[in-house]
Ligand SMILES: *[C@@H]1O[C@H](CO)[C@@H](O)[C@H](O)[C@H]1NC(C)=O
Ligand SMILES: *[C@@H]1O[C@H](CO)[C@@H](O)[C@H](O)[C@H]1NC(C)=O
Ligand SMILES: *[C@@H]1O[C@H](CO)[C@@H](O)[C@H](O)[C@H]1NC(C)=O
Ligand SMILES: *[C@@H]1O[C@H](CO)[C@@H](O)[C@H](O)[C@H]1NC(C)=O
Ligand SMILES: *[C@@H]1O[C@H](CO)[C@@H](O)[C@H](O)[C@H]1NC(C)=O
Ligand SMILES: [Fe+2]
């Protein structure tokens, strides 16, 4: 006993010096930061997610116009995979059964520290809603050129939600995940006001996508790797294209996603579901087609995502999309914008020559990965392929508005040209059904 006490006394100064020098000193940090929203199982369920660096409870105080209610949630300890093994606490609180057409205010935290007050709007009755979204991929901390325009538009309530189609921060795990923290702080300016829906890209793959899985809260049971949700007339399906390229984490994920997707599309295609949410829109990071001047897989004829894994040709998605009549597929990865004619297996299947997007006979693909990142933008090969309709390498992002069951509007905004709309189409469908029924 005596001996131990003496040893401890001798160690005490050492311990103090260590505490002062250590980068992960035990200083408590309970202040919420990196606050962002996402949809829960429906659009009247909002999940608030944030980070603290010390362990504490998770609460949100909220209400219509003023704070009146309180909800409690979960705190999860996240240890980054980098050499410092940095620890952070991810807080998740579900605000459920929200009232439609309302402006909610909220703040989050615990008795040890609260955030400032943010707000969000809830949609009207879903059957009378024309949701409007900003969609893009490949936005980093450095050179996030589109972010300022998005911040401004979000404050003017232009959007109901934002979809970020993979590749964040460059990279979230970099500098012992400090780059991830910085990115999440940067997007708080939009993501604390509208649901920020995501899917993983290749830049998230380090430590088995752990930063991605820890920091975002998407619906479903896959930790945000694949899931679906409905917004008014749209059934959105998020996919991980990375399961086709990251076999170092096993092939199980690929198989799981594939069978989940088939089930999800089958369910979405049941007549009563398709009637409620006629548009099926998928998003995933790496495209099936592209005409960029690089060596990415989308330049190959038999893209893994499109035709399946090499040699065996299993788990390809194009045929499945065709079979369930996926209306629109949105991709990123290429740092540019490209719109395709309706295409299936390299065959252009326009609705008609003059109205290619009116009752098209195949899925329409759009690649939108030019939001802005340190890797700049990607050029195109000189001769535009027959299936490619429009291409542009300006920084920018895509806006999608599902007006109703028959009309969906897509436009591309160039940030380089001060917000100019450089491309737009109306996708018009009298009927939403499997494309192979049309033959
Ligand atoms: C909190 O954790 C429980 C159990 O894991 C889970 O069922 C619940 O959905 C979580 N709540 C939130 C808001 O994530
Ligand atoms: C949802 O809120 C309404 C009032 O706004 C209430 O009547 C209803 O019971 C609530 N439903 C659930 C499942 O909590
Ligand atoms: C990677 O993470 C997933 C969960 O997203 C898990 O199911 C899988 O087992 C992990 N793989 C490895 C090799 O750690
Ligand atoms: C599809 O429509 C566009 C626009 O009208 C036209 O330029 C193109 O040639 C059409 N392609 C086919 C294969 O019909
Ligand atoms: C659907 O929206 C389009 C574009 O706003 C409009 O022209 C059309 O009349 C609408 N259709 C119905 C049935 O409301
Ligand atoms: Fe990428």
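Residue numbers (mature numbering (1 follows the signal peptide of the UniProt record, and there is no 0)): -26 to -1, 1 to 413. Yeah, the Cβ is synthetic: ideal placement off N, Cα and C, and Gly gets one too.
With C-beta atoms as the reference, is residue 21 less than 9 Å away from residue 68? Against a cut-off of 9 Å, the Cβ pair of residue 68 and residue 21 comes out as a contact.
Hey, could you find the ends of the alpha helix (DSSP H) residue 148 is sitting in? Taken as a continuous stretch (DSSP letters only), the alpha helix (DSSP H) holding residue 148 covers 148 to 165.
Is the segment 347 to 355 close to the segment 69 to 81, with three or more CB pairs under 8 Å? Short answer: they don't touch.
Run through DSSP, which three-state label would residue 118 get? The answer is coil: DSSP assigns residue 118 none of H, G, I, E or B.
For residue 59, which residues from the same chain have a beta carbon less than 7 Å from its beta carbon, with the 5 sequence-adjacent residues on both sides left out? 53.
Just verifying my parser: in three-state terms, what is the DSSP assignment at residue 332? When DSSP states are grouped into helix, strand and coil, residue 332 belongs to the strand group.
Less than 9 Å separating the beta-carbons of residue 389 and residue 311? Against a cut-off of 9 Å, the Cβ pair of residue 311 and residue 389 comes out as no contact.
Alpha-carbon to alpha-carbon, residue 363 and residue 282: Straight-line measurement puts the Cα of residue 363 at about 25 Å from the Cα of residue 282.
Let me know the secondary structure DSSP gives residue 235 once reduced to three states. For residue 235, the secondary structure class from DSSP, reduced to helix, strand or coil, is helix.
Endpoints, the alpha helix (DSSP H) within which residue 101 is located: Here residue 101 belongs to no alpha helix (DSSP H), and DSSP marks it neither H nor E.
So, using beta-carbon positions, are residue 223 and residue 183 closer together than 9 Å? For the pair residue 223 and residue 183, the CB atoms are nearer than the 9 Å cut-off.
Using CA atoms only, rank isn't needed, just tell me which of 250, 214, 253 is closest to residue 235. With distances taken between Cα atoms, residue 235 lies closest to 214.
Does ligand 3 have even one heavy atom less than 8 Å from the beta-carbon of residue 182? Proximity of the beta carbon of residue 182 to ligand 3 is indicated: a heavy atom of the ligand is located closer than 8 Å.
Distance check for residue 355 and residue 145, CA to CA, integer angstroms please. Cα-Cα distance, rounded: 28 Å.
Express the C-alpha separation of residue 247 and residue 241 in angstroms, rounding to a whole number. Spanning the two alpha carbons is a distance of roughly 7 Å.
If you follow the beta strand (DSSP E) that residue 178 is in, where does it begin and where does it stop? From DSSP, residue 178 is part of no beta strand (DSSP E); its letter is neither H nor E.
Based on DSSP bridge pairs, tell me the residues matched to residue 108. Residue pairing for residue 108: DSSP places it in a beta bridge opposite 136, 373.
When 149, 190, 176, 153 are compared against residue 169, the one with the closest alpha-carbon: The option with the nearest alpha carbon to residue 169 is 190.
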